[in-house]
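Undergrad: For the sequence shown, the residue numbers in the numbering used here are 19 to 283.
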Amino acid sequence: MTDVGDQLQQATGGQAGPADADDAVDGMLAKWVARPGSTEETAAVLRICSSAGQVVVTRGQATKLGWGLPPRRLDVLLDMSRLDRLVEHAAGDLVVVVGAGRRLSEVQSDVAHADQLLAVDPAQDGTVGGSIAAGATGPLRLAHGAVRDLLLGVTMVRADGVVAHSGGKVVKNVAGYDVAKLLAGSLGTLAVITQAAFRLHPKPPAQSWITVPATPVERAQQVVQAVIHSPVFPAAVELDRPAPEELRVAVLLEGTGPGVDQRTT
């Protein structure tokens, strides 16, 4: 093992080693895989890589690792799966703070007992950090906003190993640039996210999906525009193509049971 490998092992408490066939990004195999278990260990890994001129790519659950341009070089794959701790759930403030490696499905379970939810709908196997870095979002952004709109603050590590913080645990706490939101969609090019705080929403008592045939595409456009500008206040609108010549518009309604029933009819 080279000096870099020895240093990575020491920095992560033995959680580093040579890469194997599963540690590739767009077909490019890494030399080393490091699995830090804290912000401090992440910073130590990045300091080592910066000093040694090693190129780093960050990985969560790899559900969106192919997004963006393929790397021209890959030395160290930074696996964030050990940073999966629930740090805090302030149910009264509708705030949750979690490690970047925690899966979205786990976060939903963390807050479900308080009848709350994190209103993002990318793949549930994905991680918090990966969802922020990829800017991943889905139909629920219509009512609740994209991932960046739910993000209150982050702990991050720069490429040189310097730890930084942006935002906090309340909605209005930023003066100047909101760096946390700059990280959304940055694909890991600005910093490595190790912890994030999100604004939660109450879980609606009732939900109902309504599907409307909408072929041809001009009809689908008319339906979507009519729904968005109607008083039914949809939580999500999605266009589905079950067959090459068939289009459907699906609308999600949320609220109280009677309210959803009334808007459905």
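Here a beta-carbon is modelled for each residue, glycine too, at the ideal position from N, C-alpha and C. Quick caveat: nothing in here was measured; it's all calculated off a predicted structure.
Return yes when the Cβ of R103 is within less than 8 Å of the Cβ of L170, no when it is not.
TA: Result no, Cβ atoms of L170 and R103 do not sit closer than 8 Å.
Undergrad: Measuring CA to CA, which of Q27, I211, T229 is closest to R120?
TA: The option with the nearest alpha carbon to R120 is I211.
Undergrad: Alpha carbon to alpha carbon, how far is G110 from A253? Give it in angstroms, no decimals.
TA: Each residue's Cα considered, the two are about 23 Å apart.
Undergrad: Considering only residues of the segment 95-179, which uninterrupted beta strand (DSSP E) runs meet the minimum length of 3 residues and lie entirely inside it, listed in chain order?
TA: List check, beta strand (DSSP E) in window: 104-108, 113-117, 169-175.
Undergrad: Which residues mark the beginning and the end of the alpha helix (DSSP H) in which Q239 is found?
TA: Start and end: 235-246.
Undergrad: Look at the Cβ atom of V172, then the Cβ atom of A198, and state whether they are nearer than 8 Å.
TA: Yes; because the gap between Cβ atoms is below 8 Å, this pair is in contact.
Undergrad: A34 by DSSP, collapsed to three states: which one?
TA: Strand at A34.
Undergrad: Which full runs of the beta strand (DSSP E) of 3+ residues lie inside the segment 20-90, going along the chain?
TA: Qualifying beta strand (DSSP E) stretches, in chain order: 34-36, 50-52, 74-77.
Undergrad: Under DSSP, the alpha helix (DSSP H) around A293 begins and ends at which residues?
TA: Since the first and last residues shown for the chain are 19 and 283, residue 293 lies out of range.
Undergrad: What residue range is occupied by the uninterrupted alpha helix (DSSP H) comprising V255?
TA: Segment 254-261 is the beta strand (DSSP E) holding V255; no alpha helix (DSSP H) there.
Undergrad: Identify the residues that DSSP records as bridge partners of L270: which are they?
TA: Answer is W227, A254, bridged to L270.
Undergrad: Please report the residue range of the beta strand (DSSP E) in which G277 lies.
TA: Premise fails: G277 lies in the alpha helix (DSSP H), 275-282, not in any beta strand (DSSP E).
Undergrad: In the DSSP assignment, the beta strand (DSSP E) including S204 goes from what residue to what residue?
TA: No beta strand (DSSP E) contains S204, which DSSP labels as neither H nor E.
Undergrad: Beta-carbon separation of L64 and V75 under 8 Å?
TA: Not a contact, by the Cβ cut-off of 8 Å.
Undergrad: Okay, do the segment 49-68 and the segment 22-35 touch, 3+ Cβ pairs below 8 Å being the bar?
TA: Result yes; three or more Cβ-Cβ pairs closer than 8 Å.
Undergrad: Go ahead and pull the three-state DSSP assignment for L218.
TA: Three-state result, L218: coil.
Undergrad: Over what stretch of residues does the beta strand (DSSP E) that includes A182 continue unbroken?
TA: 181-185 is the extent of the beta strand (DSSP E) around A182.
Undergrad: Any chance the segment 81-98 sits against the segment 131-146, with 3 or more Cβ pairs inside 8 Å?
TA: Yes, they touch.
Undergrad: Can you list, in chain order, the residues of its chain with a C-beta nearer than 8 Å to that of D258? Leave out the 5 residues immediately preceding and following it.
TA: Within the same chain, D258 has close Cβ partners T229, L265, R266, V267, A268.
Undergrad: Leaving aside the five residues before and after D178 along the sequence, list all residues of the same chain whose C-beta is less than 6 Å from its C-beta, in chain order.
TA: Excluding positions up to five away in sequence, the list reads S68.
Undergrad: Going by Cα to Cα distance, which pick from L168, L160, M174, A108 is closest to T60?
TA: Cα-wise, what sits closest to T60 is M174.
Undergrad: Alpha carbon to alpha carbon, how far is H107 from A70? Give it in angstroms, no decimals.
TA: If you take the alpha carbons of A70 and H107, they lie about 39 Å apart.
Undergrad: G45: buried (16+ other C-beta within 10 angstroms of its C-beta) or exposed?
TA: Classification for G45: exposed.
Undergrad: What's the call for S127, buried or exposed, on a 16-neighbour Cβ count within 10 Å?
TA: That one is exposed.
Undergrad: Is it true that the CB of V129 sits closer than 8 Å to the CB of A214?
TA: Cβ distance not < 8 Å, so A214 and V129 don't count as in contact.
Undergrad: Going by Cα to Cα distance, which pick from P249, Q243, P223, E236 is closest to P276?
TA: With distances taken between Cα atoms, P276 lies closest to P223.
Undergrad: Closest to G163 by CA distance: which of A261, L136, Y195 is it?
TA: The candidate whose alpha carbon is nearest that of G163 is L136.
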